[in-house]
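Below is one structure, written out as C-alpha cells, with a few remarks after it.
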C-alpha cells in the first residue's frame, strides 16, 4: 500500500512549473518543482489532475523585495503502453504566474505551456529510473512567458521501497531562439537538480527536500552579468486522504549568486503546496464470493 502511494505521488512530477524568469534570468523550469516526488518510479495506469502552487519572497538587500506566485494545473495520463518494458506517460501543463517586481511592475498571466512524454522503468528492489522529454512552447502572456521555445529533459532515479522516497532528478533545459525584447524575461540554458528524502508513516509522509540550479550558456543580452546559481533546502509533510494526496514544503536558499540585490546574492524563501487527484483508474475486478482451493 505504501509503495503504491509513493508511485501515485510520483505523478506530481507532471506539475512542471514556471521559473522565476519573470523576475530575473534563469532556466525555464522552476528549481524545486519536482522536489518531494518519486520521479524515477513508474506510475499506476490512470488519468490524474495535479495542481502545484508556490509563493515566495526574494529579499533584495538594498532594493525592494521580489514576490512570485506560481500555479500549475496539469492533466497527466499514465498509459497502458510500454516501450522496452518502460511505462509511457503523457502530460500537459498550463502554468500561470503573478509577479510583484521592484519598481512597481506587477505582471500576471499564462506562462509557456508544456507538452511532454516520459518513460519510467521498474528495476526491481524498489528502484526505478525515468527519462522525460518535453517542449515549453513560445506562447502565453507577453510580460510573463519566456520569449522562446525550450526543450526540457529530465533524468531521474528513485528508491521507493519500505515507504521511502529517495529521489534525484536532473533537469536540463535548452532554449532556442530567445528574443531580447524584455531583459527581465531573458532565459538561459541550464541545469536544475531536485532532491527528495522522505518516509511514510501510515498516511503521513515526512522528510526533507533540496534543489539547486545553475546556468551554463547565456543570451547576448546577459553577457557580462553573473550567472544565476542557487541551492535551497527545507522540510516536507504530506498526507494521503485516499485517494487524494496533499503535500506541503517550505524552502529557503542557503546559497545564492547572481540573484539580485545590492550584493547580487538575494535569497528566496518559498512555500509550496501540491494536490494529486486521480480522475480515472482502471476498475479493479471484484473479489469472487466463493474461493476455490
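Numbering (the numbering used here), first residue to last: 2 to 294.
Yeah, the Cβ is synthetic: ideal placement off N, Cα and C, and Gly gets one too.
Exposure of residue i, with buried meaning 16 or more beta-carbon neighbours within 10 Å
| i | result |
| --- | --- |
| residue 273 | buried |
| residue 42 | buried |
| residue 256 | exposed |
| residue 244 | exposed |
| residue 137 | buried |
| residue 182 | The predicted model places residue 182 with a pLDDT of 45, which falls under 50 and marks its position as unreliable, so this point remains unresolved. |
| residue 252 | buried |
| residue 250 | buried |
| residue 290 | Note that residue 290 scores a pLDDT of 47, beneath 50, so its modelled location is shaky and nothing firm can be said. |
| residue 178 | exposed |
| residue 129 | buried |
| residue 284 | exposed |
| residue 254 | buried |
| residue 259 | buried |
| residue 195 | buried |
Distance between residue j and residue i (C-alpha atoms, nearest Å)
| i | j | result |
| --- | --- | --- |
| residue 101 | residue 84 | 44 Å |
| residue 50 | residue 276 | 8 Å |
| residue 214 | residue 270 | 15 Å |
| residue 123 | residue 33 | 24 Å |
| residue 25 | residue 261 | Residue placement at residue 25 is flagged as unreliable, the pLDDT there being 41, under the threshold of 50; a coordinate-derived value is accordingly withheld. |
| residue 200 | residue 104 | 43 Å |
| residue 52 | residue 111 | 15 Å |
| residue 170 | residue 46 | 22 Å |
| residue 120 | residue 154 | 12 Å |
| residue 176 | residue 141 | 16 Å |
| residue 81 | residue 282 | 11 Å |
| residue 106 | residue 98 | 13 Å |
| residue 202 | residue 132 | 29 Å |
| residue 264 | residue 234 | 22 Å |
| residue 149 | residue 228 | 19 Å |
| residue 144 | residue 197 | 33 Å |
| residue 40 | residue 266 | 30 Å |
| residue 79 | residue 60 | 40 Å |
| residue 246 | residue 278 | 7 Å |
| residue 152 | residue 174 | 6 Å |
| residue 74 | residue 165 | 27 Å |
| residue 226 | residue 72 | 29 Å |
| residue 1 | residue 204 | Beyond the ends of the chain as shown, which are 2 and 294, falls residue 1; an answer cannot be given. |
| residue 146 | residue 96 | 10 Å |
| residue 92 | residue 125 | 25 Å |
| residue 216 | residue 163 | 36 Å |
| residue 193 | residue 139 | 21 Å |
Expected contact under 8 Å - CB spacing of residue i and residue j to nearest Å
| i | j | result |
| --- | --- | --- |
| residue 280 | residue 48 | 5 Å |
| residue 37 | residue 231 | Actually they do not touch by this definition, with Cβ atoms about 18 Å apart. |
| residue 160 | residue 127 | 5 Å |
| residue 114 | residue 94 | 7 Å |
| residue 44 | residue 56 | With a Cβ gap of about 27 Å, residue 44 and residue 56 do not count as contacting. |
| residue 172 | residue 30 | 5 Å |
| residue 134 | residue 157 | Rounded, the Cβ-Cβ distance is 12 Å, inconsistent with contact. |
| residue 189 | residue 35 | With 8 Å as the limit, residue 189 and residue 35 do not qualify as a contact, their Cβ atoms being about 20 Å apart. |
Where the beta strand (DSSP E) containing residue i begins and where it ends
| i | result |
| --- | --- |
| residue 193 | 190-202 |
| residue 245 | Note, residue 245: premise wrong, no beta strand (DSSP E); not H, not E. |
| residue 217 | 205-218 |
| residue 119 | 115-125 |
| residue 146 | It is not in any beta strand (DSSP E) - residue 146 carries neither H nor E in the DSSP assignment. |
| residue 137 | 128-137 |
| residue 60 | 47-60 |
| residue 168 | 165-177 |
| residue 90 | 87-94 |
| residue 111 | 109-111 |
| residue 272 | 268-281 |
| residue 72 | 67-84 |
| residue 97 | 97-101 |
The ligand MN heavy atom lying under 8 Å from the CB of residue i
| i | result |
| --- | --- |
| residue 59 | Among the components modelled here there is no ligand, and therefore nothing to report on the ligand MN. |
ask   = Hey, is the segment 237-253 in contact with the segment 208-218, meaning 3+ C-beta pairs nearer than 8 Å?
value = Segments in contact, yes.
message = Below 8 Å, how does it come out for the segment 85-92 and the segment 55-70: are there three or more Cβ pairs, yes or no?
response = With a cut-off of 8 Å on Cβ pairs, the segment 85-92 is not in contact with the segment 55-70, counting fewer than three such pairs.
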